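What follows is a short report on a single structure.
In my numbering, the protein residues as written are 4 to 307.
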């Protein structure tokens with residue numbers, strides 16, 4: 004979707020500020036707090052809203068994030084790149100002896116949808132800007148609360164991927180199951196044990212900044228006859244197909260797919276399918292965060 008540069012945000016902020024001032028009733032007050040919030044070590048202004056640390060989304064543009072509106076101004080996108088991040092230009096210094104519980108802003112409902120890394124987040128309007136909870140940044144890293152020091156910190160975490168090479172095995176026999184086990188050896192590489200994986204193109208593990216680990220692969224139509232039984236069961240497992248929600252139920256997925264990560268049994272929390280030119284792409288969300296590839300000692304995936 005086409006995005007505008009961040010400069011027009013000022014104009015949009017004035018428009019929405021006018022709306023909230025005259026077209027809506029405040030839903031609550033945000034109050035001052037002694038908590039110091041920081042982005043990768045740089046302090047960022049914050050307030051207390053319903054007992055949670057909140058920040059202005061627009062401020063993130065000074066902390067290496069990209070903050071941009073859709074062409075119609077109805078969506079606000081917050082993104083952060085591991086490979087190309089904007090320079091940090093923030094100069095905020097928290098004042099000493101910060102008061103607690105004083106009125107900071109009157110807060111209004113927001114008619115703009117806010118997404119962080121594609122995930123919709125709660126948002127509000129205050130002082131002509133977009134107020135979000137600090138924890139909304141979790142898709143891009145670790146958000147940590149330190150009660151003793153009265154700090155809330157965000158530390159970005161890089162995304163990692165591990166793709167198995169094409170094994171070039173025979174693709175003539177039909178299959179009804181598949182399995183994959185990776186075990187890290189003394190040299191730091193993975194020993195691979197697999198069954199019927201020759202039909203799965205570019206099987207990939209993804210982790211890092213996400214609060215989960217993902218397993219994804221493609222199935223091509225030219226092997227549809229050999230993988231028909233697998234494809235049928237995969238389709239029955241889907242929670243979403245071609246970006247359309249089907250169900251939240253993952254019972255069938257967890258009945259037929261067993262996963263362990265570092266020896267711990269891990270549930271499948273979401274299964275989705277997208278489509279390309281002659282292939283279907285399946286993505287499994289596994290309910291365990293693995294921050295770095297070094298932390299991954301073993302993973303076993305059995306589909307049957």
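Cβ atoms here follow ideal geometry from the backbone N, Cα and C, with glycine treated the same way.
Please read these numbers as outputs of a predicted model, since none were measured by experiment.
Status (buried if at least 16 other CB within 10 Å, exposed otherwise) for residue i
{"i": "residue 81", "result": "buried"}
{"i": "residue 208", "result": "buried"}
{"i": "residue 57", "result": "buried"}
{"i": "residue 147", "result": "exposed"}
{"i": "residue 87", "result": "exposed"}
{"i": "residue 213", "result": "buried"}
{"i": "residue 245", "result": "exposed"}
{"i": "residue 134", "result": "buried"}
{"i": "residue 106", "result": "exposed"}
{"i": "residue 175", "result": "exposed"}
{"i": "residue 153", "result": "exposed"}
{"i": "residue 216", "result": "buried"}
{"i": "residue 279", "result": "exposed"}
{"i": "residue 61", "result": "buried"}
{"i": "residue 295", "result": "exposed"}
{"i": "residue 126", "result": "buried"}
{"i": "residue 304", "result": "buried"}
{"i": "residue 253", "result": "buried"}
Proximal residues to residue i (C-beta, below 6 Å), its chain only, five neighbours per side dropped
{"i": "residue 287", "result": "218, 271, 274"}
{"i": "residue 283", "result": "222, 276"}
{"i": "residue 51", "result": "34, 36"}
{"i": "residue 172", "result": "201"}
{"i": "residue 268", "result": "none"}
{"i": "residue 182", "result": "198, 305"}
{"i": "residue 226", "result": "174, 202"}
{"i": "residue 167", "result": "206"}
{"i": "residue 65", "result": "92, 93"}
Straight-line gap, residue i to residue j (C-alpha atoms, nearest Å)
{"i": "residue 1", "j": "residue 59", "result": "The shown model of the chain, from 4 to 307, leaves out residue 1, and the question about it has no answer."}
{"i": "residue 194", "j": "residue 169", "result": "15 Å"}
{"i": "residue 90", "j": "residue 291", "result": "32 Å"}
{"i": "residue 156", "j": "residue 79", "result": "23 Å"}
{"i": "residue 276", "j": "residue 75", "result": "29 Å"}
{"i": "residue 99", "j": "residue 54", "result": "21 Å"}
{"i": "residue 211", "j": "residue 124", "result": "20 Å"}
{"i": "residue 24", "j": "residue 240", "result": "Note that residue 24 has pLDDT 46, beneath the 50 cutoff, so the model's placement of it is unreliable and no number is given."}
{"i": "residue 72", "j": "residue 85", "result": "21 Å"}
{"i": "residue 234", "j": "residue 206", "result": "15 Å"}
{"i": "residue 101", "j": "residue 68", "result": "27 Å"}
{"i": "residue 104", "j": "residue 162", "result": "38 Å"}
{"i": "residue 129", "j": "residue 118", "result": "18 Å"}
{"i": "residue 237", "j": "residue 248", "result": "15 Å"}
{"i": "residue 179", "j": "residue 191", "result": "32 Å"}
{"i": "residue 196", "j": "residue 164", "result": "19 Å"}
{"i": "residue 151", "j": "residue 281", "result": "56 Å"}
Same chain only: Cβ atoms within 7 Å of residue i, ignoring 5 sequence neighbours per side
{"i": "residue 122", "result": "142"}
{"i": "residue 63", "result": "70, 81"}
{"i": "residue 120", "result": "82, 142, 143"}
{"i": "residue 158", "result": "43, 144, 145"}
{"i": "residue 266", "result": "301"}
{"i": "residue 250", "result": "242"}
{"i": "residue 255", "result": "239, 240"}
{"i": "residue 149", "result": "none"}
{"i": "residue 293", "result": "210, 216, 264, 299"}
{"i": "residue 27", "result": "111, 112"}
{"i": "residue 140", "result": "119, 146, 157"}
{"i": "residue 307", "result": "180, 259"}
Cβ neighbours of residue i in the same chain (closer than 8 Å, five flanking residues each side left out)
{"i": "residue 77", "result": "114, 115, 116"}
{"i": "residue 177", "result": "228, 229, 230, 231, 232"}
{"i": "residue 46", "result": "39, 40, 93, 95, 96, 97"}
{"i": "residue 257", "result": "270, 271"}
{"i": "residue 137", "result": "40, 49, 55, 56, 57, 58, 146, 155, 157"}
* Give a yes or no on contact between the stretch 220-234 and the stretch 187-204, applying the rule of three or more CB pairs nearer than 8 Å. => yes
* the stretch 287-305 touching the stretch 249-262, judged by at least three CB pairs closer than 8 Å -> yes
* Asked: Does the stretch 290-301 come close enough to the stretch 183-197 that 3 or more CB-CB pairs lie under 8 Å?
  -> Between the stretch 183-197 and the stretch 290-301, the count of Cβ pairs shorter than 8 Å is three or higher; the stretches touch.
* Return the chain-ordered ranges of every alpha helix (DSSP H) run that is complete within the stretch 230-283 and spans a minimum of 4 residues. => 231-240, 254-259
* **Cβ contact (3+ pairs, closer than 8 Å) linking the stretch 28-42 and the stretch 95-114** => yes
* Every unbroken beta strand (DSSP E) inside the stretch 68-154 [3 residues or more] -> 69-72, 78-82, 106-112, 116-119, 122-124, 126-129, 132-136, 144-149
* For the stretch 150-230, list the beta strand (DSSP E) runs that are entirely contained and at least 3 residues long, ordered along the chain. => 154-159, 163-166, 181-187, 193-198, 204-210, 216-223
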